[in-house]
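In this note's numbering, the protein residues as written are 83 to 250.
Here it is as structure tokens:
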């Protein structure tokens, strides 16, 4: 549940600060990027500090080397958190984080079915709903930056000052 709270809180605070004029950065997608980054810093660090054993236990038995898997995904989450904040890498970082969310969801289902974590937020339905929110956040960043890249690669011609003017 903590990652969900982090994502929503950071995004809402930054969007609110922009709305009242305390920040000059664009509310969108900056607030979502920061919310996603904060969430993945927290979850990435949890792969090494505090929850490592629980995360290893969540890895389904069909996956070899669960400790290594937790280490790799933790590093990727931290790298994605940094990458999503930099305009040049935000598209690819958000796409990678989206793929990770999808790829790691079976571990969440396994943990919920086995009762590995008794927290309400780790039960299957709440965890699935939170996963949808996480995916919406990362996908919104992918879509925003994909559109921005497409627009930069294919700029639309400037509107003619004379609406009756027809190009030759």
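Note that the Cβ used here is the ideal one computed from N, Cα and C, for glycine as well. Because the structure is a prediction, the values reported are computed rather than measured.
- Residue state for residue 222 is assigned as helix, using DSSP reduced to three classes.
- Taking 8 Å as the cut-off, the Cβ atoms of residue 145 and residue 152 do not count as close.
- Under the DSSP assignment, residue 198 falls outside any alpha helix (DSSP H); it carries neither an H nor an E label.
- Judged by their CB atoms, residue 118 and residue 223 are nearer to each other than the 8 Å cut-off.
- With 16 or more other CB atoms across the displayed protein chains lying within 10 angstroms of its CB, residue 129 is buried.
- A direct Cα-Cα distance of roughly 6 Å separates residue 166 from residue 176.
- If you draw a straight line from the Cα of residue 198 to the Cα of residue 212, it is about 18 Å long.
- With contacts defined as CB atoms closer than 8 Å, residue 220 and residue 180 qualify as a contacting pair.
- Here residue 109 carries a coil assignment [DSSP, helix/strand/coil].
- Under the 10 Å beta carbon count, residue 158 is surrounded by 16 or more other beta carbons and is classified as buried.
- Annotated as distal: residue 194 and residue 183, with beta-carbon spacing of 8 Å or more.
- Residue 172 and residue 122 do not touch by the CB rule: their CB atoms are close to 13 Å apart, not below 8 Å.
- In this structure residue 155 is buried. Its beta-carbon is surrounded by 16 or more other beta-carbon atoms within 10 angstroms.
- In this structure, the beta-carbon distance from residue 113 to residue 91 does not fall below 8 Å.
- Excluding residues up to 5 positions away in sequence, 122, 123, 126 and 127 lie with their Cβ nearer than 8 Å to the Cβ of residue 160 in the same chain.
- Contact check for residue 88 and residue 120: beta-carbon distance about 5 Å, within the 8 Å limit, so the pair qualifies.
- In the structure shown, the three-state DSSP call for residue 96 is helix.
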